[in-house]
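Visitor:
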Amino acid sequence: MTESRAFPRFPAGFVFGAATASYQIEGAAREDGRGPSIWDTYSHTPGLVANGDTGDIACDHYHRYPEDVALLRELGVDSYRFSIAWPRIVPDGSGPVNPKGLDFYARLVDELLAAGIEPAATLYHWDLPQALEDRGGWRVRETAERFAEYTAVVAGHLADRVPRWITLNEPWCSAFLGYSVGRHAPGAREGRGALAAAHHLLVGHGRAVEALRAAGVREAGITLNLDRNLPATGSAADRAAVVRADTQHNLVWTEPLLAGRYPHTEEETWGELITGQDFRRDGDLALIGQPLDFLGINYYRPIVVADAPHREPDPALRTATDNRYAEVRLAGARHTAMDWPVVPDSFTDLLVALKERYGDALPPIHITENGSAEHDEVSPDGAVHDRDRVAYLRGHLTALKAALDAGVDVRGYYVWSLLDNFEWAFGYGKRFGIVRVDYDTQRRTPKDSYHWYRAMIAAQRD
Ligand code: IFM
Numbered sequence: 472m473t474e475s476r477a478f479p480r481f482p483a484g485f486v487f488g489a490a491t492a493s494y495q496i497e498g499a500a501r502e503d504g505r506g507p508s509i510w511d512t513y514s515h516t517p518g519l520v521a522n523g524d525t526g527d528i529a530c531d532h533y534h535r536y537p538e539d540v541a542l543l544r545e546l547g548v549d550s551y552r553f554s555i556a557w558p559r560i561v562p563d564g565s566g567p568v569n570p571k572g573l574d575f576y577a578r579l580v581d582e583l584l585a586a587g588i589e590p591a592a593t594l595y596h597w598d599l600p601q602a603l604e605d606r607g608g609w610r611v612r613e614t615a616e617r618f619a620e621y622t623a624v625v626a627g628h629l630a631d632r633v634p635r636w637i638t639l640n641e642p643w644c645s646a647f648l649g650y651s652v653g654r655h656a657p658g659a660r661e662g663r664g665a666l667a668a669a670h671h672l673l674v675g676h677g678r679a680v681e682a683l684r685a686a687g688v689r690e691a692g693i694t695l696n697l698d699r700n701l702p703a704t705g706s707a708a709d710r711a712a713v714v715r716a717d718t719q720h721n722l723v724w725t726e727p728l729l730a731g732r733y734p735h736t737e738e739e740t741w742g743e744l745i746t747g748q749d750f751r752r753d754g755d756l757a758l759i760g761q762p763l764d765f766l767g768i769n770y771y772r773p774i775v776v777a778d779a780p781h782r783e784p785d786p787a788l789r790t791a792t793d794n795r796y797a798e799v800r801l802a803g804a805r806h807t808a809m810d811w812p813v814v815p816d817s818f819t820d821l822l823v824a825l826k827e828r829y830g831d832a833l834p835p836i837h838i839t840e841n842g843s844a845e846h847d848e849v850s851p852d853g854a855v856h857d858r859d860r861v862a863y864l865r866g867h868l869t870a871l872k873a874a875l876d877a878g879v880d881v882r883g884y885y886v887w888s889l890l891d892n893f894e895w896a897f898g899y900g901k902r903f904g905i906v907r908v909d910y911d912t913q914r915r916t917p918k919d920s921y922h923w924y925r926a927m928i929a930a931q932r933d
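Using my numbering, read the sequence shown as starting at 472 and increasing by one per residue.
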């Protein structure tokens, strides 16, 4: 299984890493002055998260981080991507800073550096302080300002030791799953609110980049979950549906970030983003589109899209999503435990298409997440022989190498995830880790995929 000839070979200096996020692994939700976040509120609301799961304890990483850093060192990664919990640093969203929160991340960073691992910090992986949501959340511009202040505090403390910074993780999820579909915190189902959230997240990103630059960080970027949308058939209607899906999921972010403009009204979608919204201000596009050192991309699967002209629009959502298309199951593909199709070639195609669209305006790319949830079982020998995850990782790393060979400037790859963890509305039922976590005992067991990834990294250095 671990013969080196089976491994794709990456250029010298290519960064291999593993990723996690604060609410998904830390636990210690009420410890050392941490304030409540929107995910505490959401997960404690009956019926919203599978099995009533919450992040109260999660992987108890807050206490067990030395063990987790030891796992990373043994894995041989160059870099570890973690996120900082805003409500640990500024428990009320504004006002006093909590020194114990800063200390926790300083200890984690020091532990990583001592293990020879470069820290990569995400500033916002969805755990907004509840106090800010109570004042309007991402619907209001004030939240973007508070985000910049929090960023300045954290960067002022850690910029000397953390070279790579990510402002936002997957703002599409924050804006649309959070404020339109209601499947993520804060669970709102609004039209205009979601559009305002999308815009204010981008403004917050721009203000945070300014704060990171002022603190002298080496690399600043943002992470997007970009979709590879495929037409269900070759019909003109399905191809038009793909344009609508691309506009809503991808271009709404990449156009302002990389091309300094809002997306066009292709297929009459997102009209509201084009015509003047009162939450927009002069200068916003310049702020949002300032140069980045890298673009983070999270990729998991393609989405097959079909025209759905007769779908009844949901009045609450009609200004936020164009639901004149539907997702279709991809016949013939293996599906993961998330029911996501496994199509590594789509990964190559997504990256090549991005390069074709943006050319030299596309900054170097880091794949900040890629991985799969599988139906893992513990074997009688105590091991987890997660063959499907190994095949997924092998396929996607090979597809990534094909994108490099096609001329896409990709500098790094972070597997999602180091640990099994709290998979948002799915709770603990979905396992993405290359290390199994027994949630009763908190015992960590490296799976076969961990050993495979370790051998793959080691093979690069032969
Ligand atoms: O677990 C999430 C992560 O928080 C964000 N990107 C997708 C992952 C898998 O769903």
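The beta-carbon is built from N, C-alpha and C at its ideal position, and this holds for glycine as well.
The model shown is predicted, which means the values in this text are computed figures rather than measured ones.
1) Within a Cβ cutoff of 7 Å, which residues of the same chain sit near residue 585, ignoring the five residues on either side of it in sequence?
2) Pull up the CB-CB distance for residue 621 and residue 560, whole angstroms please, since I reckon it's below 8 Å.
3) Locate the alpha helix (DSSP H) running through residue 509, then write down its first and last residues.
4) In angstroms, rounded to a whole number, what distance separates the CA positions of residue 733 and residue 611?
5) Report the CB separation of residue 498 from residue 526 in whole angstroms; it is logged as a contact under 8 Å.
6) Please state if the CB of residue 581 and the CB of residue 506 are separated by a distance shorter than 9 Å.
7) To which residues of the same chain is residue 682 closer than 7 Å at the C-beta, ignoring the five residues directly before and after it?
8) On the three-state DSSP scale, how would you describe residue 843?
9) By the three-class DSSP mapping on this structure, what secondary structure does residue 742 have?
10) Residue 525 bridges to which residues according to DSSP?
11) Leaving aside the five residues before and after residue 548 along the sequence, list all residues of the same chain whose C-beta is less than 8 Å from its C-beta, in chain order.
12) Are the beta-carbon atoms of residue 674 and residue 758 separated by less than 9 Å?
13) Is DSSP giving residue 928 helix, strand or coil here?
14) Which residues mark the beginning and the end of the alpha helix (DSSP H) in which residue 637 is found?
15) Beta-carbon separation of residue 886 and residue 845 under 9 Å?
16) For my contact list, residue 713 and residue 773 are in at a C-beta cut-off of 8 Å; report their separation, rounded to the angstrom.
17) Do the CB positions of residue 416 and residue 569 come within less than 9 Å of each other?
18) Below 6 Å CB to CB, which residues in the same chain sit around residue 738 once its five sequence neighbours on both sides are set aside?
19) So is residue 638 buried or exposed if we call it buried at 16+ other beta carbons inside 10 Å?
20) With hydrogens ignored, establish whether the beta-carbon of residue 771 is closer than 8 Å to any heavy atom of ligand 1.
21) Please work out which residues of its chain come closer than 8 Å, Cβ to Cβ, to residue 808, disregarding the five sequence neighbours upstream and downstream, and give them in chain order.
22) Whole-angstrom Cβ separation of residue 923 and residue 864, contact assumed at under 8 Å?
23) Relative to the C-alpha of residue 513, which residue among 600, 593, 551 is closest?
24) Does ligand 1 have even one heavy atom less than 8 Å from the beta-carbon of residue 808?
25) Keeping to the same chain, check which residues put their C-beta closer than 6 Å to that of residue 701; ignore five residues upstream and five downstream.
26) Mind checking whether the beta-carbon of residue 721 lies closer than 8 Å to any heavy atom of ligand 1?
Guide: Let me spell this out:
1) For residue 585, where only same-chain residues beyond five positions count, there are no Cβ hits under 7 Å.
2) Between residue 621 and residue 560 a beta carbon distance of about 6 Å is seen, short of the 8 Å cut, so the two are scored as contacting.
3) 509-514
4) 19 Å
5) 7 Å
6) no
7) Result list for residue 682: 619, 622, 623, 626, in chain order.
8) coil
9) Model confidence at residue 742 stands at a pLDDT of 47, short of 50, so the residue's coordinates are unreliable and nothing is read from them.
10) In the DSSP output, where bridge partners are listed per residue, residue 525 has none listed.
11) 487, 488, 489, 588, 928
12) With contacts defined as CB atoms closer than 9 Å, residue 674 and residue 758 qualify as a contacting pair.
13) helix
14) It is not in any alpha helix (DSSP H) - residue 637 instead sits in the beta strand (DSSP E) that spans 635-640.
15) Contact: no.
16) The Cβ separation is near 11 Å, so there is no contact.
17) A question about residue 416 goes unanswered here, because the residues of the chain that appear run from 472 up to 933.
18) In this prediction, residue 738 has a pLDDT of 48, which is less than 50 and means its spatial position is unreliable; what the coordinates show is noted afterwards. Only 711, 714, 715 meet the Cβ criterion.
19) buried
20) yes
21) 843, 844, 845, 846, 901, 902
22) Contact flag correct, Cβ pair sits at about 7 Å.
23) 600
24) no
25) Correct list, in chain order: 773, 775.
26) no
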